[in-house]
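Have a look at the structure below, then the notes.
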Amino acid sequence: MHIGILTGGGDCPGLNAVIRAVTLALVNEAGARVTGIERGFLGLVEGRHRPLDVAAVAGILAQGGTILGTHNRADPFHYVGAGGADASDRAMAVVRGLGLDGLVVIGGDGTMAIAHRIAALGLPVVGVPKTIDNDLPHTERSFGFDSAVAVVAEALDRLATTARSH
């Protein structure tokens, strides 16, 4: 089994944790090969990718952002690099060239909409909902939201103690 992983849309806390957890589960529990697609769907269209294994995801939890990079303007069905034309055939050619059996897509509502269209082309897709805004339908909470709330709450607590000291 060979599975691709990509992150799409904006940044939020926890992306590397999901990449690591998915990679470790696929490698250790399913014996799968894992390929990271760089810069979201842009990498799927342009063939930007790298192998992911246990060593590749070691030590990434403390890093911000996503080790794969992301892009929020790379819809293969309306690809800016092709003048807005449908480049989904190019994306699927990369999928076939890599021999991917499925794709794990980490992203928000726009990314999930694209993932749904990719799945309609015949590639099994698992969507991992991610948004700092917690505004995805049919999900009670998405990762990124709790982390952002915790950071803001901590900053407000510090601000309150600073204000009291003056």
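No gaps in the numbering here: position 111 of the sequence shown is 113 in the numbering used here, and each next residue is one more.
Each residue gets a CB set at the ideal place from its N, CA and C atoms; glycine is no exception.
Please go through the same chain and pick out, in chain order, the residues whose beta-carbon is closer than 8 Å to the beta-carbon of M114, but skip the five residues on each side of it.
V107, G129, P131, L138
Give every residue of the same chain whose Cβ lies closer than 6 Å to the Cβ of L17, excluding the five residues on either side of it in the sequence, and list them in chain order.
T9, T68
Alpha carbon to alpha carbon, how far is A157 from G85? Give it in angstroms, no decimals.
43 Å
Other residues of its chain near H73: CB distance less than 6 Å, five sequence neighbours each side excluded
R41, G42, L44
G112 versus A89, G124, V97, H80, residue with shortest Cα-Cα distance
H80
Span of the alpha helix (DSSP H), counted from its first residue to its last, around T25
17-26
Do you know how far the Cα of R160 is from the Cα of I116?
40 Å
Taking the straight line between their C-alpha atoms, what separation do you get for C14 and L123?
28 Å
By DSSP, does H4 sit in helix, in strand, or in coil?
strand
Would you kindly check if the distance between the Cβ of V96 and the Cβ of G66 is under 8 Å?
no
CB contact flag (V59, L26, <8 Å):
yes
Which residue comes first and which comes last in the beta strand (DSSP E) that contains T72?
Unbroken run through T72: none, as it is neither H nor E.
Rank I120, D77, V82 by C-alpha distance to the C-alpha of R98 and give the top, closest one.
I120
Apply the 10 Å Cβ neighbour rule to S90 and answer buried if 16 or more other Cβ atoms are within range, or exposed otherwise.
buried
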